[in-house]
């Protein structure tokens, strides 16, 4: 993260004695990236964070197999048709993925078990409902429209609040960060950035839980393991540093508007290894008197475009079957654009005084081809590829 935070109690100097009220030492844990060469935080535990008493391999509860997008085709998946199973971690239904990122969908009202993803960062978008994110760093109350970015190795769990929560999970093979072009050389958000530090929410106080023989599901490149810790890992009395989970709500994204249509990089929200995350939000329409205020036909020769429609009216695809909850996949090698007749319809709407768009969508552009998960294929609209020819 681009700025320093301190939560709870920490000693004045790093790596010095920090004693509990009974005179014993708190156990210091460094959570750091890139081999001590990048962002880190220091956490102070009541008990040893290294004390495990059992380890066992775990078979995934949900099918995670991927297959190539063949024959090459644009796709439309209806997440509305996916049934919930399990929790917001174990119940993730794989939609698409490659060696850089895996994209999954989950619906649940059940708390997850404690979980640690040691393969890479996660960015979890809450489409509907509310969920309490509990971690060694503290708690974040997440609600509809929140992105929750979780650093690699963070032990956490999801607890839906007041009913089911629907989420899109973006699981990276590395780190997810704000785009570098938004930041100064020292890590401060610059004036041209579409959001800033004030928009980010992080844990504000310790979240201490007592317990013994506590299981934690751990994901590594080798698969899943369940480690049993002698003491509950939520025993941190304080931490400080630049590495921690945070939430950012899509409504706080500030769209950049041009006289004519602006391409997707203006909507970029985060970057990861081999992919970017973009937020499409309500905004004024392009204001050149002869503008075509709708995306032009385009051919992404270097990327696959995975678009999750989460709210509003996406006029460019009106008549194609796309609706709230839909996901479109437009792969490299395929030219795509507005639904036939959409350009004329939007120009006519502008002539009648329409000046804004209400669309809300989350897009993941990858720079390697996305393979398809069984979950996506089970809810596919088989006629989508032909909608431009109608």
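Numbering (the working numbering), first residue to last: 1097 to 1486.
Just so it is clear, CB atoms sit at the ideal spot from N, CA and C, and this is done for glycine as well.
Applying the 10 Å Cβ sphere with the 16-neighbour rule, what's the burial state of residue i?
{"i": "residue 1364", "result": "buried"}
{"i": "residue 1203", "result": "buried"}
{"i": "residue 1436", "result": "exposed"}
{"i": "residue 1399", "result": "buried"}
{"i": "residue 1266", "result": "buried"}
{"i": "residue 1277", "result": "exposed"}
{"i": "residue 1135", "result": "buried"}
{"i": "residue 1384", "result": "exposed"}
{"i": "residue 1258", "result": "exposed"}
{"i": "residue 1132", "result": "exposed"}
{"i": "residue 1419", "result": "exposed"}
{"i": "residue 1248", "result": "buried"}
{"i": "residue 1178", "result": "buried"}
{"i": "residue 1444", "result": "exposed"}
{"i": "residue 1362", "result": "exposed"}
{"i": "residue 1272", "result": "buried"}
{"i": "residue 1449", "result": "exposed"}
{"i": "residue 1233", "result": "buried"}
State yes or no: is the C-beta of residue i within less than 9 Å of the C-beta of residue j?
{"i": "residue 1496", "j": "residue 1468", "result": "This structure cannot speak to residue 1496, because the chain is shown only from 1097 to 1486."}
{"i": "residue 1208", "j": "residue 1183", "result": "yes"}
{"i": "residue 1463", "j": "residue 1192", "result": "no"}
{"i": "residue 1175", "j": "residue 1470", "result": "no"}
{"i": "residue 1211", "j": "residue 1310", "result": "no"}
{"i": "residue 1342", "j": "residue 1298", "result": "yes"}
{"i": "residue 1173", "j": "residue 1476", "result": "yes"}
{"i": "residue 1099", "j": "residue 1284", "result": "yes"}
{"i": "residue 1322", "j": "residue 1314", "result": "yes"}
{"i": "residue 1181", "j": "residue 1224", "result": "no"}
{"i": "residue 1369", "j": "residue 1268", "result": "yes"}
{"i": "residue 1357", "j": "residue 1388", "result": "yes"}
{"i": "residue 1390", "j": "residue 1442", "result": "yes"}
{"i": "residue 1300", "j": "residue 1103", "result": "yes"}
{"i": "residue 1163", "j": "residue 1339", "result": "no"}
{"i": "residue 1169", "j": "residue 1427", "result": "yes"}
Could you tell me the boundaries of the alpha helix (DSSP H) in which residue i lies?
{"i": "residue 1444", "result": "1438-1447"}
{"i": "residue 1470", "result": "1470-1474"}
Have a look at the options and flag the residue whose alpha-carbon is nearest the alpha-carbon of residue i.
{"i": "residue 1317", "options": "1283, 1214 and 1299", "result": "1214"}
{"i": "residue 1326", "options": "1258, 1142, 1148 and 1377", "result": "1148"}
{"i": "residue 1394", "options": "1366, 1429, 1410 and 1447", "result": "1429"}
{"i": "residue 1251", "options": "1366, 1217, 1112 and 1273", "result": "1217"}
{"i": "residue 1107", "options": "1334, 1296, 1409 and 1418", "result": "1334"}
{"i": "residue 1123", "options": "1329, 1103 and 1220", "result": "1329"}
{"i": "residue 1483", "options": "1139, 1171 and 1247", "result": "1171"}
{"i": "residue 1406", "options": "1423, 1397, 1416 and 1417", "result": "1423"}
{"i": "residue 1348", "options": "1287, 1200, 1295 and 1339", "result": "1295"}
{"i": "residue 1200", "options": "1138, 1292 and 1158", "result": "1158"}
Rounded to whole angstroms, what is the Cα-Cα separation between residue i and residue j?
{"i": "residue 1110", "j": "residue 1119", "result": "18 Å"}
{"i": "residue 1161", "j": "residue 1205", "result": "25 Å"}
{"i": "residue 1491", "j": "residue 1275", "result": "Beyond the ends of the chain as shown, which are 1097 and 1486, falls residue 1491; an answer cannot be given."}
{"i": "residue 1165", "j": "residue 1304", "result": "46 Å"}
{"i": "residue 1117", "j": "residue 1141", "result": "13 Å"}
{"i": "residue 1320", "j": "residue 1187", "result": "14 Å"}
{"i": "residue 1263", "j": "residue 1220", "result": "6 Å"}
{"i": "residue 1279", "j": "residue 1376", "result": "21 Å"}
{"i": "residue 1386", "j": "residue 1446", "result": "10 Å"}
{"i": "residue 1374", "j": "residue 1121", "result": "45 Å"}
{"i": "residue 1337", "j": "residue 1126", "result": "10 Å"}
{"i": "residue 1354", "j": "residue 1112", "result": "53 Å"}
{"i": "residue 1307", "j": "residue 1324", "result": "12 Å"}
{"i": "residue 1256", "j": "residue 1485", "result": "43 Å"}
{"i": "residue 1238", "j": "residue 1414", "result": "31 Å"}
{"i": "residue 1345", "j": "residue 1226", "result": "13 Å"}
{"i": "residue 1466", "j": "residue 1105", "result": "45 Å"}
{"i": "residue 1228", "j": "residue 1381", "result": "36 Å"}
{"i": "residue 1460", "j": "residue 1282", "result": "27 Å"}
{"i": "residue 1454", "j": "residue 1195", "result": "34 Å"}
{"i": "residue 1101", "j": "residue 1270", "result": "23 Å"}
{"i": "residue 1421", "j": "residue 1240", "result": "13 Å"}
Please indicate yes or no: does the CB of residue i lie closer than 8 Å to some heavy atom of the ligand HEM?
{"i": "residue 1162", "result": "Among the ligands in the structure shown, none appear at all, so the ligand HEM cannot be discussed."}
Please report the residue range of the beta strand (DSSP E) in which residue i lies.
{"i": "residue 1254", "result": "1252-1268"}
{"i": "residue 1311", "result": "1308-1316"}
{"i": "residue 1487", "result": "Since the first residue of the chain shown is 1097 and the last is 1486, residue 1487 is not available in this structure."}
{"i": "residue 1459", "result": "1456-1462"}
{"i": "residue 1182", "result": "Run containing residue 1182: none; DSSP gives neither H nor E here."}
{"i": "residue 1484", "result": "From DSSP, residue 1484 is part of no beta strand (DSSP E); its letter is neither H nor E."}
{"i": "residue 1213", "result": "1211-1213"}
{"i": "residue 1236", "result": "1234-1238"}
{"i": "residue 1090", "result": "In the structure as shown, the chain starts at 1097 and stops at 1486, and residue 1090 therefore has no counterpart that could be examined."}
{"i": "residue 1203", "result": "1197-1204"}
{"i": "residue 1344", "result": "1342-1345"}
{"i": "residue 1113", "result": "No beta strand (DSSP E) contains residue 1113, which DSSP labels as neither H nor E."}
{"i": "residue 1301", "result": "No beta strand (DSSP E) contains residue 1301, which DSSP labels as neither H nor E."}
{"i": "residue 1305", "result": "Taken as a continuous stretch (DSSP letters only), residue 1305 belongs to no beta strand (DSSP E), as it is neither H nor E."}
{"i": "residue 1358", "result": "Residue 1358 -> no beta strand (DSSP E), and no H or E assigned at all."}
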